[in-house]
Amino acid sequence: MAAQNLQSVPAELSRGESQEQSQEAAQREADGQANFDRVMAEDSRIEPRDWMPDAYRKTLLRQISQHAHSEIIGMQPEANWISRAPSLKRKAILMAKVQDEAGHGLYLYSAAETLGQNRDKMTADLIAGKARYSSIFNYPALTWADMGAIGWLVDGAAICNQVPLCRASYGPYGRAMVRICKEESFHQRQGFEILLELSHGTPEQKQMAQDAVNRWYAPALMMFGPPDDDSPNSRQSMAWNIKRFSNDELRSRFVGMMVEQVRVLGLTLPDSEIRFNEETRKWEHGPLDWNEFKEVLAGRGPCNAQRLERRREAHDDGAWVREAAAAYAAKRQAKQSMTTKEYAA
Ligand SMILES: [Fe+2]
Ligand SMILES: [Fe+2]
777 MAAQNLQSVP
787 AELSRGESQE
797 QSQEAAQREA
807 DGQANFDRVM
817 AEDSRIEPRD
827 WMPDAYRKTL
837 LRQISQHAHS
847 EIIGMQPEAN
857 WISRAPSLKR
867 KAILMAKVQD
877 EAGHGLYLYS
887 AAETLGQNRD
897 KMTADLIAGK
907 ARYSSIFNYP
917 ALTWADMGAI
927 GWLVDGAAIC
937 NQVPLCRASY
947 GPYGRAMVRI
957 CKEESFHQRQ
967 GFEILLELSH
977 GTPEQKQMAQ
987 DAVNRWYAPA
997 LMMFGPPDDD
1007 SPNSRQSMAW
1017 NIKRFSNDEL
1027 RSRFVGMMVE
1037 QVRVLGLTLP
1047 DSEIRFNEET
1057 RKWEHGPLDW
1067 NEFKEVLAGR
1077 GPCNAQRLER
1087 RREAHDDGAW
1097 VREAAAAYAA
1107 KRQAKQSMTT
1117 KEYAA
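Per the working numbering: the sequence shown = residues 777 to 1121.
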């Protein structure tokens, strides 16, 4: 009957209805855009059910999923040292730190899911080598002192990058970042403390700490991304309040922080060109090898293949956990709907 009724609707009327519908859709979009513009101007927050421009959603998805992948891949260089930590206390601290990074990945995958991306798809893209993650995690952790240098420099750079993102315009991302940053500052202190102890140890231990700082310094500076004049998307991301400061600005602040802290450590930064520019009121550093950065990002760093291979193995090894969780969820759901039916009866 319904089909017959539809067929009998005069052509002009059905055209009229669809025009009305498209007018409504256009109005909804205009209202959504107006709300979005107001939120950006007021520096307030967009939530998952709010209208947002497609490009904003896409950029955020790329940023959040890359960040999530970095947390998960970033577990590997340190996990490699859990069994070789020099004491039970160090082992327990390192395990807690690596576990925190897994948690960071989970918060961020959840934030990305609120934008409509499927978690399995994100994982599939990562293990297929299609998704990017921070270039820093493709460098090897050669000695125990690298646990110190990673915590101090890499988590330190992450803090510089991420503290401003606690005020990101997308609600779930900003809120995830608040918790992540609290844990990152514990990570940085534990790295600092490892280096401090080594630098006050034997001459060999001090040298090991210095070598680790020498190896991780430049890759840590490159974590902030390419120089501003080679970072075409930054301006738009800053207008959307999903990036608060430019790459060079953050890098300069980071150098300033490290200059102070390295003195307390009794070590040095491997960069003779660090200086504070009185005119610009900014810290400057020596040149970085951006070709190396591009090579690592393109998958040709020292450990890229190994990191992805390990991630693939871990995903395969975890299949039984996913199956068990799905079976348990189905069982619970069946039980729940049974109880509802009984209740209704
Ligand atoms: Fe983290
Ligand atoms: Fe961390």
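Glycine is no exception: its CB is placed at the ideal position from the N, C-alpha and C atoms. Here the structure is a predicted model, which means the values were calculated and not measured.
Cα-Cα separation, I848 to F913: Within the sequence shown, the letter at position 72 stands for residue 848. Within the sequence shown, the letter at position 137 stands for residue 913. The straight-line gap from Cα to Cα measures roughly 10 Å.
Figure out for me which residue from A917, A994 and M898 has the closest Cα to the Cα of A933. Taking the first residue of the sequence shown as 1, we reach residue 933 at position 157. The shortest Cα separation from A933 among A917, A994 and M898 belongs to A994.
Whole-angstrom distance between Y1104 and L1084, CA atom to CA atom: Here residue 1084 refers to the residue found at position 308 when the sequence shown is read from its first residue. Here residue 1104 refers to the residue found at position 328 when the sequence shown is read from its first residue. Whole-angstrom Cα-Cα distance: 30 Å.
Considering only residues of the same chain and omitting the five flanking positions on each side of A887, which have a CB-CB separation below 7 Å? On the sequence shown, position 111 is the one that residue 887 refers to. Here the set comprises I840, P948, Y949 and A952.
Sorted by chain position, which residues of the same chain lie with C-beta nearer than 7 Å to L974's C-beta, five sequence neighbours on each side aside? Position 198 of the sequence shown, counted from the start, is the residue given in the question as residue 974. So the list reads A921, G924, Q981, K982, M984 and A985, once near-sequence residues are dropped.
In this structure, does DSSP put N990 in helix, strand or coil? Numbered from 1 along the sequence shown, position 214 holds the residue referred to as residue 990. Here DSSP, grouped into helix, strand and coil, assigns N990 to helix.
Please report the residue range of the alpha helix (DSSP H) in which F962 lies. Locating residue 962 in the sequence shown gives position 186, counting from the first residue. It spans G947 to S975 - the alpha helix (DSSP H) in which F962 sits, taken as one unbroken run.
Pairwise C-alpha distance: K865 and K1107: For the purposes of this step, residue 1107 is taken as residue 331 along the sequence shown, with counting starting at 1. For the purposes of this step, residue 865 is taken as residue 89 along the sequence shown, with counting starting at 1. Looking at the two C-alpha atoms, the distance is approximately 41 Å.
Roughly how many whole angstroms lie between the Cα atoms of S846 and R1087? Position 70 of the sequence shown holds residue 846. Position 311 of the sequence shown holds residue 1087. Roughly 12 Å separates the two Cα atoms.
Looking at the structure shown, is M1049 part of a helix, part of a strand, or coil, going by DSSP? Residue mapping note: residue 1049 aligns to position 273 of the sequence shown, counting from 1. What sits at residue 1049 in the sequence shown is Glu, not Met. Three-state result, E1049: coil.
DSSP three-state assignment for K1058, whether helix, strand or coil: By one-based count along the sequence shown, residue 1058 stands at place 282. Collapsing the DSSP output to three states places K1058 in a strand.
For I903, which three-state DSSP category applies? Along the sequence shown, read from residue 1 onward, the residue named residue 903 stands at position 127. Here I903 sits in helix by DSSP.
Does I822 come out as helix, strand or coil in the three-state DSSP assignment? As a position in the sequence shown, residue 822 is number 46, starting the count at 1. Three-state DSSP puts I822 in a strand.
Give a yes or no on contact between the segment 1014-1033 and the segment 1041-1059, applying the rule of three or more CB pairs nearer than 8 Å. yes
Under DSSP, the alpha helix (DSSP H) around D931 begins and ends at which residues? Here the question's residue 931 lines up with position 155 in the sequence shown. Here the alpha helix (DSSP H) through D931 covers D931 to Q938.
Within the present structure, is the beta-carbon of A934 separated from the nearest heavy atom of ligand 2 by less than 7 Å? To locate residue 934, count along the sequence shown from 1; it is residue 158. Yes, since a heavy atom of ligand 2 falls inside the 7 Å radius drawn around the Cβ of A934.
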